Amino acid sequence: MSTQHCFRTSGLSGERITMKISQGIAVVLALLVAAPAVWAAEAAKEVVCFESREGGASDVLQREIAPGLLNVRCSPTTGGVLWWGDPYDGTVPMGEMPIEADYSHAEAVVKPRSAKLTLLPICGVACHNGTYPPPPKNKDPRKLTMHMDLVPDSMNLQHGRGAIWCLDCHSAKTRNKFIGHNNELYDFDQPQKLCGKCHGQIYRDWREGIHGKRIGEWATTGKKRWFVCTECHNPHDIQQGKRNSGFVQLKPEPAPRLPKGVYNADHERHHLQKGAAHGEAKPASGGH
Ligand code: HEC
Ligand code: HEC
Ligand code: HEC
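44 is the number of the first residue of the sequence shown in my numbering; add one for each residue after it.
See the structure below:
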C-alpha cells in the first residue's frame with residue numbers, strides 16, 4: 044500500500060509545463076493543442092486521502108457520490124480528510140453493543156475494519172483452521188515465523204511493555220476473532236470491545252464521546268458514524284517507537300486564512316487573555 048497520499052501521482056506536473064513553455068513557442072502551441080487531453084487525464088486521476096491513521100489503515104479514495112458532490116475533501120498539504128460529503132458513506136451498523144451509551148439511543152454506524160485487513164479473509168480458514176497448525180498451548184512470546192512485518196517488535200512487544208502478547212488479543216483457535224476475558228469472541232469490526240477489556244476508563248470515555256470521534260447529525264439522538272479504536276491506533280505499534288507515547292502525531296494543518304478585512308489574529312489572543320484573567324479572578328473554592 045502506498046503512503047503517497049492526496050498527491051496526484053502521474054501526468055504532467057506544473058514545473059514540467061513551465062519548463063517546456065520556456066523552451067519555445069512551438070512547444071506552447073503543441074501544449075495548447077494537447078491541453079484538453081491533459082485535463083481529461085487529470086480529472087481521471089486517483090486521489091487517495093486518509094481519515095485518521097496514515098499508512099493505508101484509514102485510506103479513502105476520493106470519488107463523486109452525486110453530480111458535483113465528492114465523498115471527501117482532503118487537505119492538499121497533509122492528505123488528511125477535512126470534510127465529508129456523506130458521513131455515512133461505506134458504513135455498516137455498529138452491531139450489538141450491550142453496555143448502554145449514546146449508541147443505544149440513536150443510529151450508530153461504523154466503517155468496517157475488515158475491509159482494510161488483507162489477511163483477515165483467509166487467516167481463520169486457510170492458515171489457522173483451528174486444528175492445524177495446532178493452536179499454541181500458552182500465550183507466552185515465542186519466535187514467530189510470520190507477521191514480523193506487521194509487528195516489528197514482536198519479541199519485545201511494547202504494547203503493554205512486555206505484559207501482553209498476541210493471544211491476549213487474538214483468539215488462539217479462531218484467528219479471525221479477538222478474545223475477551225471470558226473467552227468470548229469479538230469481531231474485527233468491533234475492536235472497541237477488545238480494547239475495552241483492558242482500557243476500561245478510555246472505553247467509557249469513548250462511549251460518552253470524550254475520547255475518539257463521531258461525525259454525522261448534531262443531535263444526541265441523530266445518526267452518527269463512530270470512529271473505532273483501530274481507525275486511530277495501531278495495536279501493533281502503539282507507542283510509536285522513539286516517541287514512546289500512544290499516538291502517531293499527524294502533520295498539523297496550516298492556520299486557516301484570515302477572513303477578508305482582518306489583518307491579524309490579535310482579536311483571538313485578546314479573547315484568550317480575557318478568558319485567562321476571568322479564570323484567575325475566580326475565588327479558590329473549597330480545599331479538596
Ligand atoms: C493489543 C491487542 C493486540 C495484540 C497484542 C496483537 N494484535 Fe494483532 N491485531 C489486533 C487488532 C485490533 C487488529 C486489527 C487491526 C486493524 O483493524 O487495523 C490486529 C490485526 C492482526 C492481523 C491481521 C492484519 C491484516 O492486515 O489482515 C495479524 C496477522 C495480527 N494482528 C497478528 C498479530 C501478531 C503475530 C501479534 C503478536 C506478535 C499480534 N497480532 C498482537 C490486536 C492485537
Ligand atoms: C490484554 C490487555 C490489552 C488490550 C486488549 C489492549 N491493550 Fe492497550 N495497553 C495495555 C497495557 C497494559 C498498556 C500500558 C503499557 C504501559 O505500561 O505503558 C497499554 C497501552 C496502550 C496505549 C498507550 C500507549 C502509551 O504509551 O501511551 C494505547 C494508545 C493503547 N494501549 C491502545 C489500545 C488499543 C487501541 C487497543 C485495542 C485494539 C488496546 N490498547 C488493547 C493492554 C492492553
Ligand atoms: C479519532 C481518533 C481516536 C479514536 C477513535 C480513539 N483514540 Fe485513543 N487516542 C487518540 C489520541 C489523539 C490520543 C492522544 C495520544 C497522545 O497524547 O499522544 C489517544 C490516546 C489513547 C490512549 C493513551 C491514553 C493516555 O492517557 O495516555 C489510550 C489507552 C487510547 N487512546 C485507547 C483508545 C481506545 C481503547 C479507543 C477505542 C475505544 C480509542 N483510543 C479510540 C485518538 C483516538
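For glycine and all other residues, C-beta sits at the position ideal for the given N, C-alpha and C. Every value quoted in this text rests on a predicted model; they were computed, and no experiment measured them.
My assumption, with CB atoms under 8 Å, is that Cys209 sits in contact with Pro234. Please give the rounded CB distance. Within the sequence shown, the letter at position 166 stands for residue 209. Within the sequence shown, the letter at position 191 stands for residue 234. No, Cys209 and Pro234 are not in contact; Cβ-Cβ is about 15 Å, not under 8 Å.
Heavy atom of ligand 5 within 7 Å of Lys182 beta-carbon: This structure does not include ligand 5; its bound ligands are ligand 1, ligand 2 and ligand 3.
Take the Cβ of Leu301 as the centre, count every other Cβ of all protein chains shown within 10 Å, and call the residue buried at 16 or more, exposed below. Walking along the sequence shown from the start, residue 301 turns up at place 258. When all chains shown are included, Leu301 counts as exposed.
Which stretch, first to last residue, makes up the alpha helix (DSSP H) that contains Arg248? Within the sequence shown, residue 248 is the residue found at index 205, counting from 1. Note on identity: in this sequence residue 248 is Asp, with Arg being the wrong assignment. Where Asp248 is concerned, the enclosing alpha helix (DSSP H) stretches over 243-251.
Candidates Gly205, Lys154, Met137, of which the one nearest Ser147 by Cα: For the purposes of this step, residue 147 is taken as the residue at position 104 of the sequence shown. Closest by alpha carbon: Met137.
Measuring alpha carbon to alpha carbon, tell me which residue in Gly123, Val115, Pro295, Asn219 is nearest Asn172. Reading the sequence shown from its first residue, position 129 is the one you call residue 172. Checking every option, the nearest Cα to that of Asn172 belongs to Asn219.
Go through its chain and collect everything with a Cβ distance to Ala215's Cβ below 7 Å, but skip five positions before and after it. Here residue 215 refers to the residue found at position 172 when the sequence shown is read from its first residue. The answer, listed in chain order, is Pro178, Pro179.
Simplified DSSP assignment, three categories, for Ala262: By one-based count along the sequence shown, residue 262 stands at place 219. Ala262: coil per DSSP, three-state reduction.
Who are Gly128's beta bridge partners in DSSP? Indexing the sequence shown from 1 puts residue 128 at position 85. None, per the DSSP bridge assignment.
Got a sec, what are the start and stop residues for the alpha helix (DSSP H) Glu274 sits in? As a working note, residue 274 is residue 231 in the sequence shown. Start and end: 272-275.
Proximity to Thr174 [Cα-Cα], best of Leu162, Lys266, Thr217, Thr161: One-based indexing of the sequence shown puts residue 174 at position 131. Out of Leu162, Lys266, Thr217, Thr161, Thr217 has the C-alpha closest to the C-alpha of Thr174.
Closest by CA to Gly123, which one among Glu311, Phe93, Leu187, Lys267? Sequence index remark: in the sequence shown, residue 123 carries index 80 (1-based). The shortest Cα separation from Gly123 among Glu311, Phe93, Leu187, Lys267 belongs to Phe93.
Can you grab the Cα-Cα spacing for the pair Glu311 / Thr161, in whole Å? As a working mapping, residue 311 is identified with position 268 in the sequence shown. As a working mapping, residue 161 is identified with position 118 in the sequence shown. Those two C-alpha atoms are separated by around 47 Å.
Would the segment 230-249 and the segment 149-167 be scored as touching if the rule is three or more Cβ pairs under 8 Å? yes
Just to confirm before moving on: does the CB-CB distance between Phe270 and Gly252 stay below 8 Å? Here residue 270 refers to the residue found at position 227 when the sequence shown is read from its first residue. Here residue 252 refers to the residue found at position 209 when the sequence shown is read from its first residue. In this structure, Gly252 does not lie closer than 8 Å to Phe270 by Cβ.
Got a sec: does ligand 3 put a non-hydrogen atom nearer than 7 Å to the Cβ of Ser95? Position 52 of the sequence shown, counting from 1, holds the residue named residue 95. Yes; taking the cut-off as 7 Å, the Cβ of Ser95 has a heavy atom of ligand 3 nearer than that.
Assuming Asp129 contacts Ile108 (C-beta within less than 8 Å), just tell me the rounded distance between them. What you label residue 129 is simply residue 86 of the sequence shown in a count that begins at 1. What you label residue 108 is simply residue 65 of the sequence shown in a count that begins at 1. Indeed they touch by this definition, with Cβ atoms about 6 Å apart.
Heavy atom of ligand 2 within 7 Å of Asp129 beta-carbon: As a working mapping, residue 129 is identified with position 86 in the sequence shown. Result no, Cβ not under 7 Å from ligand 2.
Just to confirm before moving on: does the CB-CB distance between Gly259 and Arg250 stay below 8 Å? Along the sequence shown, one-based indexing puts residue 259 at 216. Along the sequence shown, one-based indexing puts residue 250 at 207. Contact flag unset, no.
Answer yes or no: do Cys212 and Pro278 have a C-beta to C-beta separation smaller than 8 Å? To locate residue 212, count along the sequence shown from 1; it is residue 169. To locate residue 278, count along the sequence shown from 1; it is residue 235. Cβ atoms of Cys212 and Pro278: closer than 8 Å.
Straight-line Cα distance separating Glu89 from Arg106: As a working note, residue 106 is residue 63 in the sequence shown. As a working note, residue 89 is residue 46 in the sequence shown. Answer to the nearest angstrom: the Cα atoms are 8 Å apart.
Spatial neighbours of Met191 in its chain, beta-carbon cut-off 8 Å, leaving aside the 5 residues before and after: Within the sequence shown, numbered from 1, the residue matching residue 191 stands at position 148. Hits under 8 Å: Ser197.
From Ala308 to Glu227, what distance separates their C-alpha atoms? As a working mapping, residue 308 is identified with position 265 in the sequence shown. As a working mapping, residue 227 is identified with position 184 in the sequence shown. So the two alpha carbons sit approximately 54 Å from each other.
Could you tell me the distance, in whole angstroms, from the CA atom of Gly167 to the CA atom of Pro110? For the purposes of this step, residue 167 is taken as the residue at position 124 of the sequence shown. For the purposes of this step, residue 110 is taken as the residue at position 67 of the sequence shown. Gly167 and Pro110: Cα-Cα distance of roughly 41 Å.
Cα-Cα separation between Lys294 and His224, rounded to whole angstroms: Residue numbering aside, residue 294 sits at position 251 when the sequence shown is read from its first letter. Residue numbering aside, residue 224 sits at position 181 when the sequence shown is read from its first letter. Whole-angstrom Cα-Cα distance: 37 Å.
For Asp102, name the three-state secondary structure that DSSP assigns. Start at 1 with the first residue of the sequence shown, and residue 102 comes out as number 59. Three-state result, Asp102: strand.
Looking at the structure shown, is Ile281 part of a helix, part of a strand, or coil, going by DSSP? Along the sequence shown, read from residue 1 onward, the residue named residue 281 stands at position 238. Three-state DSSP puts Ile281 in coil, outside helix and strand.
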